[in-house]
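Peer 1:
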Amino acid sequence: MQGEKKGPVLEVRDLTKIFSRRGQPSVTAVDRVSFSLMPGECLGIIGESGSGKSTLVNMITRLIDTDSGQIFLKGRDITRLRGRALRSVYSELQMVFQQPADSFDPRRTLGHGIGESLRNSGWSSADAAEEIGKLLERCGLAAAFAGRYPHEVSGGQCQRAAIARALAIRPSILLCDEATSALDVTVQQEILSLLQTLRRQQGEEFSILFICHDIALVQQFCDRVLVMYQGRIVEEGIPDNVIQNPSHPYTKRLIDSIL
Amino acid sequence: MKQTFFRNHENRSNRILPQEKKIQAGIKKDRTGSARARLVFFGLLAFLLLLGSVFSEALAPYDPDLQDLTIAKAAPSAAHLLGTDRYGRDMLSRVIAGSRASIFSTLLLVAVITAIGTLIGVFCGWNGKRADAVLMRISDIFLAFPGLVFAMAVAGLLGGGLHNAIIALAAISWPKYARIARSQTLAQRETAYLKAARLAGSGTVKIIFVHLLPNIMGPILVTSMLDIGTMMMELAGLSFLGLGAKPPTAEWGSMMSDARSLMTTAPWVAFSPGAAIFLSVMVFNLLGDTVRDYADPRSRDL
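As given, the protein sequences belong to chains A and B, one line each in that order. Heads up: take any position in the first sequence, counting from 1, add 24, and you land on my numbering. Heads up: take any position in the second sequence, counting from 1, add 198, and you land on my numbering.
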């Protein structure tokens with residue numbers, strides 16, 4: 025299975041998450057979502073807040089459990105993996121969070137956070153330290169940033185460090201959950217061009233799932249876009265086509281709201 | 199005169215830069231700076247008390263249990279700085295010897311309940327579900343009891359003695375720590391940095407010890423520092439009631455209890471252990487206050 029190059033690197037089938045609480049009607053946050061991410065592709069997922077984007081991402085990274093449906097990583101079903109087997113998934117799948125400063129342990133240096141995955145996979149701390157420096161430089165930061173604490177750097181710098189952390193273990197998929205939303209416009213563009221450079225360097229080996237609520241960014245950055253509305257995928261296509269010929273009422277509203 | 203003036207003047211012009219820096223730093227870090235100075239001061243005092251309690255045998259000028267009825271109830275003098283008690287035992291030696299039972303036991307007690315309470319709280323907060331519900335109801339029961347009464351009941355059940363008094367106090371004090379650790383864990387559990395640690399391939403135990411505990415220890419440590427004084431009083435209180443240290447072991451609470459009948463004839467016998475309790479409780483309370491000030495995130499990294 026793994027040998028097939030043309031197969032999707034990540035495939036999601038009928039993924040569903042229902043939040044239920046006693047005494048309250050249950051909420052279907054994600055409703056039978058299916059899509060696949062091809063090698064080297066950048067797939068955008070767009071939708072308003074509450075549309076289930078983050079729940080979807082949390083299910084793919086297995087931070088929350090799935091109610092039904094399946095997730096395949098390079099053909100391997102990872103939907104129910106636990107413990108050590110699940111940890112091996114994270115060498116292929118990494119994530120950049122929305123709030124850069126919150127995604128680093130406030131009591132540890134950025135370098136500690138970036139090197140954690142390396143040390144967990146058996147690197148010596150000397151080797152890891154060297155690699156951390158290289159990673160930071162690749163992401164446009166001086167190697168000395170490894171010694172800084174999250175509150176000592178700006179949001180853009182912190183997000184660069186977060187990207188360095190995600191790249192450390194050399195994953196084939198990078199999930200960006202609103203990775204640019206908390207940053208101001210100019211820094212947003214810097215981060216996007218960093219991601220673009222990384223894509224160019226890695227080619228087919230590197231796919232991005234780009235979750236965003238800003239259709240302009242998706243148009244600029246993604247090869248393909250999924251529009252999510254109330255837990256479902258209501259539209260799919262090349263960003264330019266979707267923007268010019270929106271078929272679902274929500275997509276129309278979304279585009280109208282910008283123009 | 200003139201020379202002095204010029205020298206001063208020169209000094210001033212030379213030092214004007216560092217001085218200015220100091221002033222600026224002072225404005226910025228005043229709270230932190232003074233909190234740190236107090237932390238060092240009270241920390242040192244507390245450390246000295248602890249050191250004294252550990253090396254009490256070497257420090258005591260006389261054998262604290264040596265009776266000499268010929269000098270019973272002697273007033274403070276050069277030979278016996280704090281006087282002697284009804285059996286002619288040297289009060290200074292007994293107070294110093296009593297510090298082991300009082301200070302050392304208290305610190306041990308606080309360390310144990312902090313560790314146990316925190317572990318239980320983190321376990322509850324992290325796992326939730328049934329174990330959480332059961333453990334928290336148990337802690338509710340302990341919290342609902344008047345503390346000292348419960349400790350008396352436990353000490354009464356297990357019999358007297360310092361060990362049993364410590365066990366009794368530990369049994370009623372852990373729920374407070376479990377509560378704090380649980381609520382802190384709940385607050386941190388969904389944070390992005392813990393998710394990031396999971397994505398970095400760290401297991402649950404590693405995440406808890408490397409990332410979660412350092413981030414929730416602040417409020418817990420402050421509570422335990424503030425508890426040292428309280429626990430010292432309660433331990434002395436239990437001993438005073440005869441449920442703690444047994445005579446002839448020197449312990450401040452039981453020494454005071456002993457001295458009750460001598461209050462009018464030989465007040466120094468009650469005075470010295472009382473003053474020892476007062477001073478140590480005060481030092482540890484002030485240390486706790488300082489630690490709280492210092493740990494307050496608003497006073498750090500301004």
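Note that the Cβ used here is the ideal one computed from N, Cα and C, for glycine as well. Keep in mind the model is a prediction, meaning the values are calculated, not measured.
For residue 383/B and residue 131/A, what's the separation of their Cα atoms in angstroms?
Peer 2: As a working mapping, residue 383/B is identified with position 185 in the second sequence. As a working mapping, residue 131/A is identified with position 107 in the first sequence. Distance between the alpha carbons of residue 383/B and residue 131/A: 15 Å.
Peer 1: Below 8 Å on the Cβ atoms is my contact criterion, and I expect residue 294/B with residue 250/B to pass it. Report the Cβ-Cβ distance as a whole number of Å.
Peer 2: On the second sequence, position 96 is the one that residue 294/B refers to. On the second sequence, position 52 is the one that residue 250/B refers to. The pair is a contact, with the Cβ atoms about 7 Å apart (cut-off 8 Å).
Peer 1: When you compare only the Cα positions, how much space is there between residue 27/A and residue 409/B?
Peer 2: Looking up residue 27/A in the first sequence gives position 3. Looking up residue 409/B in the second sequence gives position 211. Model confidence at residue 27/A stands at a pLDDT of 46, short of 50, so the residue's coordinates are unreliable; what they give is reported in the following sentence. Rounded to the nearest angstrom, the two C-alpha atoms are 38 Å apart.
Peer 1: Taking the alpha carbon of residue 482/B as the point to measure from, which residue in 349/B, 441/B, 428/B has its own alpha carbon closest?
Peer 2: For the purposes of this step, residue 482/B is taken as residue 284 along the second sequence, with counting starting at 1. Considering only alpha carbons, the answer is 428/B.
Peer 1: Let's see if you can read the secondary structure: which residues bound the beta strand (DSSP E) around residue 43/A?
Peer 2: By one-based count along the first sequence, residue 43/A stands at place 19. It spans 34 to 45 - the beta strand (DSSP E) in which residue 43/A sits, taken as one unbroken run.
Peer 1: Any idea which residues DSSP pairs residue 288/B with across the strands?
Peer 2: Reading the second sequence from its first residue, position 90 is the one you call residue 288/B. Paired residue(s): 282/B.
Peer 1: Per DSSP, which one or two residues make a beta bridge with residue 231/A?
Peer 2: Stepping through the first sequence from its first residue, residue 231/A is reached at position 207. Bridge partners of residue 231/A: 197/A.
Peer 1: Which stretch, first to last residue, makes up the alpha helix (DSSP H) that contains residue 213/A?
Peer 2: Your numbering for residue 213/A matches position 189 in the first sequence. Where residue 213/A is concerned, the enclosing alpha helix (DSSP H) stretches over 209 to 226.
Peer 1: Along the chain, where does the alpha helix (DSSP H) that runs through residue 486/B open and close?
Peer 2: In the second sequence, residue 486/B corresponds to position 288, counting from 1. 466 to 493 is the span of the alpha helix (DSSP H), which, as asked, contains residue 486/B.
Peer 1: Just to make sure I have the definition right: I need the residues of chain A whose C-beta is within less than 9 Å of the C-beta of residue 417/B. Which are they?
Peer 2: Sequence index remark: in the second sequence, residue 417/B carries index 219 (1-based). Neighbours of residue 417/B on chain A: none; closest Cβ ~14 Å, over 9 Å.
Peer 1: What's the gap between the Cα of residue 57/A and the Cα of residue 35/A?
Peer 2: Along the first sequence, read from residue 1 onward, the residue named residue 57/A stands at position 33. Along the first sequence, read from residue 1 onward, the residue named residue 35/A stands at position 11. When rounded, the distance between both Cα atoms is 10 Å.
Peer 1: Using beta-carbon positions only, say whether residue 255/A and residue 75/A come within less than 8 Å of one another.
Peer 2: Locating residue 255/A in the first sequence gives position 231, where the first residue counts as 1. Locating residue 75/A in the first sequence gives position 51, where the first residue counts as 1. Contact: yes.
Peer 1: Does the Cβ-Cβ distance between residue 437/B and residue 451/B come in under 8 Å?
Peer 2: As a working note, residue 437/B is residue 239 in the second sequence. As a working note, residue 451/B is residue 253 in the second sequence. Closer than 8 Å, so yes.
Peer 1: Based on Cα-Cα distance, which residue from 376/B, 299/B, 350/B lies nearest to residue 335/B?
Peer 2: Counted from its first residue, the second sequence places residue 335/B at position 137. That would be 376/B, whose Cα lies nearest to the Cα of residue 335/B.
Peer 1: For the segment 343 to 390 of chain B, which segments carrying the alpha helix (DSSP H) assignment without a break, of at least 4 residues, lie completely within its bounds, in sequence order?
Peer 2: Those alpha helix (DSSP H) runs which fall completely within the segment 343 to 390 of chain B and span 4+ residues are 345 to 356, 360 to 387.
Peer 1: Can you tell me whether residue 138/A is helix, strand or coil according to DSSP?
Peer 2: Mapped onto the first sequence, residue 138/A falls at position 114. In the structure shown, residue 138/A sits in a helix (DSSP, three-state: H, G or I).
Peer 1: Grouping DSSP H, G and I as helix and E and B as strand, with all else coil, what is residue 425/B?
Peer 2: For the purposes of this step, residue 425/B is identified with residue 227 of the second sequence, where counting begins at 1. Here residue 425/B sits in helix by DSSP.
Peer 1: Between the beta-carbon of residue 128/A and the beta-carbon of residue 201/A, is there less than 8 Å?
Peer 2: Within the first sequence, the letter at position 104 stands for residue 128/A. Within the first sequence, the letter at position 177 stands for residue 201/A. Result no, Cβ atoms of residue 128/A and residue 201/A do not sit closer than 8 Å.
Peer 1: Should residue 361/B go down as buried or exposed, given a rule of 16 or more other Cβ atoms within 10 Å for buried?
Peer 2: In the second sequence, residue 361/B corresponds to position 163, counting from 1. Flag for residue 361/B reads exposed.
Peer 1: Quick check: the Cα distance between residue 282/B and residue 461/B, rounded to an integer number of angstroms?
Peer 2: The residue given as residue 282/B occupies position 84 in the second sequence. The residue given as residue 461/B occupies position 263 in the second sequence. About 13 Å.
Peer 1: List, in chain order, every chain A residue whose beta-carbon is nearer than 8 Å to that of residue 389/B.
Peer 2: For the purposes of this step, residue 389/B is taken as the residue at position 191 of the second sequence. Here the neighbours are 126.
Peer 1: What residue does the alpha helix (DSSP H) around residue 244/A start on, and which one ends it?
Peer 2: Taking the first residue of the first sequence as position 1, residue 244/A is located at position 220. First-last of the alpha helix (DSSP H) with residue 244/A: 239 to 245.
Peer 1: Can you list, in chain order, the residues of the segment 123 to 157 of chain A whose Cβ is nearer than 8 Å to any Cβ on chain B?
Peer 2: So the list reads 123, 126, 127, 128, 129, 130, 131, 132, 137, 140, 141, 144, 145, given in the order they occur along the chain.
Peer 1: Check whether the Cβ atoms of residue 95/A and residue 88/A sit closer than 8 Å, and answer yes or no.
Peer 2: Here residue 95/A refers to the residue found at position 71 when the first sequence is read from its first residue. Here residue 88/A refers to the residue found at position 64 when the first sequence is read from its first residue. In this structure, residue 88/A does not lie closer than 8 Å to residue 95/A by Cβ.
Peer 1: Strictly by DSSP, which residues pair up with residue 252/A?
Peer 2: Reading the first sequence from its first residue, position 228 is the one you call residue 252/A. According to DSSP, residue 252/A bridges with 257/A.
Peer 1: With which residues is residue 322/B paired in a DSSP beta bridge?
Peer 2: Reading the second sequence from its first residue, position 124 is the one you call residue 322/B. DSSP lists no partner for residue 322/B.
Peer 1: Applying a beta-carbon distance threshold of less than 7 Å, which residues of chain B neighbour residue 119/A?
Peer 2: Here the question's residue 119/A lines up with position 95 in the first sequence. Simply 397.
Peer 1: Pick helix, strand or coil for residue 187/B, following the three-state DSSP scheme.
Peer 2: This structure cannot settle anything about residue 187/B, because the visible part of chain B is limited to 199 through 500.
Peer 1: Excluding sequence positions up to five away, which residues of its chain have a Cβ less than 7 Å from the Cβ of residue 269/B?
Peer 2: On the second sequence, position 71 is the one that residue 269/B refers to. Counting only Cβ-Cβ distances below 7 Å, and skipping sequence neighbours, we find 282, 286.
Peer 1: Whole angstroms are fine: how far does the CA of residue 292/B sit from the CA of residue 470/B?
Peer 2: Residue mapping note: residue 470/B aligns to position 272 of the second sequence, counting from 1. Residue mapping note: residue 292/B aligns to position 94 of the second sequence, counting from 1. Going by the C-alpha atoms only, they are around 9 Å apart.
Peer 1: Does DSSP classify residue 454/B as helix, strand or coil?
Peer 2: Here residue 454/B refers to the residue found at position 256 of the second sequence. Residue state, collapsed to three classes: helix.
Peer 1: Mind listing the chain A neighbours of residue 325/B? Cutoff is C-beta to C-beta under 9 Å, in chain order.
Peer 2: The sequence position of residue 325/B within the second sequence is 127, counting from 1. Going along chain A, no residue has its Cβ under 9 Å from residue 325/B, so there is no contact; the nearest lies around 15 Å.
Peer 1: Figure out for me which residue from 269/A, 196/A, 216/A, 207/A has the closest Cα to the Cα of residue 62/A.
Peer 2: Within the first sequence, the letter at position 38 stands for residue 62/A. When each option's Cα is compared against that of residue 62/A, the closest is 196/A.
Peer 1: For the 8 Å Cβ check, are there 3 or more pairs between the segment 76 to 84 of chain A and the segment 243 to 258 of chain A?
Peer 2: Short answer: they touch.
Peer 1: Taking C-beta pairs closer than 7 Å, name the residues in chain B that residue 85/A reaches, listed in chain order.
Peer 2: Here residue 85/A refers to the residue found at position 61 of the first sequence. The answer, in chain order, is 397.
Peer 1: Using a Cβ distance threshold of 8 Å, determine whether the segment 108 to 126 of chain A contacts the segment 199 to 215 of chain A, with at least three qualifying pairs required.
Peer 2: Segments in contact, yes.
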